[in-house]
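Please read the structure below before turning to the comments.
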Amino acid sequence: NAGVTQTPKFRILKIGQSMTLQCTQDMNHNYMYWYRQDPGMGLKLIYYSVGAGITDKGEVPNGYNVSRSTTEDFPLRLELAAPSQTSVYFCASSETQGAVYNEQFFGPGTRLTVL
Amino acid sequence: DQQVKQNSPSLSVQEGRISILNCDYTNSMFDYFLWYKKYPAEGPTFLISISSIKDKNEDGRFTVFLNKSAKHLSLHIVPSQPGDSAVYFCAASGIRGSTLGRLYFGRGTQLTVWP
Numbered sequence: 277n278a279g280v281t282q283t284p285k286f287r288i289l290k291i292g293q294s295m296t297l298q299c300t301q302d303m304n305h306n307y308m309y310w311y312r313q314d315p316g317m318g319l320k321l322i323y324y325s326v327g328a329g330i331t332d333k334g335e336v337p338n339g340y341n342v343s344r345s346t347t348e349d350f351p352l353r354l355e356l357a358a359p360s361q362t363s364v365y366f367c368a369s370s371e372t373q374g375a376v377y378n379e380q381f382f383g384p385g386t387r388l389t390v391l
Numbered sequence: 002d003q004q005v006k007q008n009s010p011s012l013s014v015q016e017g018r019i020s021i022l023n024c025d026y027t028n029s030m031f032d033y034f035l036w037y038k039k040y041p042a043e044g045p046t047f048l049i050s051i052s053s054i055k056d057k058n059e060d061g062r063f064t065v066f067l068n069k070s071a072k073h074l075s076l077h078i079v080p081s082q083p084g085d086s087a088v089y090f091c092a093a094s095g096i097r098g099s100t101l102g103r104l105y106f107g108r109g110t111q112l113t114v115w116p
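Taken in order, these protein sequences are the chains called P and U. Counted the way our numbering counts, the first sequence spans residues 277 to 391. Counted the way our numbering counts, the second sequence spans residues 2 to 116.
As structure tokens, this is what we get:
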């Protein structure tokens with residue numbers, strides 16, 4: 277199993293450009309998440325999905341969009357890039373919530389710089 | 002508002018000694034607490050967790066202690082090894098309301114273990 281994979285690893289965008297960060301997991305997890313990590317800060321949840329076709333906002337959703345058409349893929353879209361979106365983005369997945377919390381598995385991250 | 006707080010941005014420990022990393026939380030709806038370890042240019046990886054019905058969980062060199070009345074948890078690493086040098090994130094989640102299926106992260110503590 278590859279686990280959670282993210283592409284690209286690095287990207288530089290100009291202000292106003294758009295891009296999609298790709299995330300794929302091969303563990304058949306229902307839950308998927310997008311986080312951003314700013315320097316010296318913890319991870320903040322952008323969006324999450326509890327299954328194909330279902331998404332919801334996290335703590336910092338402004339400026340981003342997501343879709344979940346399959347169990348495996350959860351792309352994150354930036355429509356009009358701004359310098360405030362310079363960050364490291366992590367995708368994660370976990371099994372369906374049951375009586376016991378299931379840990380989240382993280383991808384390696386995408387380092388995005390907006391100039 | 003930071004619901005999970007790690008007030009020490011860094012900790013330096015000699016190899017073989019004990020490392021103690023601390024974490025405080027404010028939301029009484031949190032039921033599960035996790036520690037993640039992160040190396041540079043990689044995603045966080047799960048280390049150990051504890052349910053709110055326990056006050057201690059041990060896994061090899063790693064032990065997590067939970068003091069619910071103080072809303073405080075700590076991670077003990079004994080003995081510390083140079084390979085433990087990484088950023089450690091405390092995270093919390095729950096099974097009720099806005100905590101369901103979501104992780105709230107602290108800012109992390111950089112642990113350096115020197116020979």
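Beta carbons are placed, not taken as given, at the ideal position from N, Cα and C, and that holds for glycine.
Only residues of its own chain outside the window of five on either side were considered, and among them Met308, Ser325, Gly327, Ala328, Gly329, Ile330, Thr331, Phe350 have a CB closer than 8 Å to the CB of Arg344/P, listed in chain order. For Thr346/P, the three-state secondary structure derived from DSSP is coil. Around Thr100/U, the same chain offers Asn28, Met30, Phe31, Asp32, Ala93, Ser94 as residues with beta carbons nearer than 8 Å, after the five sequence neighbours per side are excluded. In the DSSP assignment, Val326/P falls within the beta strand (DSSP E) that extends over 319-327. Against chain P, the CB of Arg108/U has a partner CB under 8 Å away; the residue lies at that interface. For the segment 307-327 of chain P, the set of residues with a beta-carbon nearer than 9 Å to any beta-carbon of chain U comprises Tyr307, Tyr309, Tyr311, Gln313, Gly316, Met317, Gly318, Leu319, Lys320, Leu321, Tyr324, Val326, in chain order. Among the residues of the segment 28-55 of chain U, those with a Cβ less than 9 Å away from any Cβ of chain P are Asp32, Tyr33, Leu35, Tyr37, Lys39, Ala42, Glu43, Gly44, Pro45, Thr46, Phe47, Ser50, Ser52, in the order of the chain.
The Cβ neighbour count for Gly84/U, taken over all protein chains shown within 10 Å, is under 16; the residue is labelled exposed.
Assigned with DSSP and collapsed to three states, Thr100/U falls in helix.
By the CB criterion at 8 Å, Glu371/P and His305/P fall inside the cutoff.
Note on Tyr40/U: under 16 other CB atoms within 10 angstroms of its CB, so exposed under the neighbour-count rule. Secondary structure note for Asn58/U: its beta strand (DSSP E) is the uninterrupted segment 57-60.
Between the alpha carbons of Thr296/P and Gly318/P lies a distance of about 23 Å. Distances from the CA of Ser20/U to each of Arg108/U, Ser86/U, Arg97/U, Gly102/U were compared; the closest alpha carbon is that of Ser86/U.
Only those residues of the segment 64-79 of chain U whose C-beta falls short of 9 Å from the nearest C-beta of chain P would be listed, and there are none.
Selection Ser53/U, Val79/U, Gln82/U evaluated against Ala71/U yields Ser53/U as nearest (Cα-Cα). Looking at Leu35/U, Lys55/U, Tyr89/U, Phe34/U, the one whose alpha-carbon comes closest to that of Ser13/U is Tyr89/U. If you draw a straight line from the Cα of Phe63/U to the Cα of Gln3/U, it is about 26 Å long. Pro116/U counts as exposed, since fewer than 16 other beta carbons sit within 10 angstroms of its beta carbon.
If you look at Met295/P, you'll find it in the beta strand (DSSP E) that goes 295-301.
Here the alpha carbon of Trp36/U sits roughly 36 Å from the alpha carbon of Ile291/P. In this structure, DSSP gives Gly84/U a helical state, which the three-state scheme calls helix. In terms of Cβ geometry, Gln301/P and Ala357/P do not form a close pair [threshold 8 Å]. A residue is called buried once 16 or more other Cβ atoms fall within 10 Å of its Cβ, and Val79/U, having fewer, is exposed.
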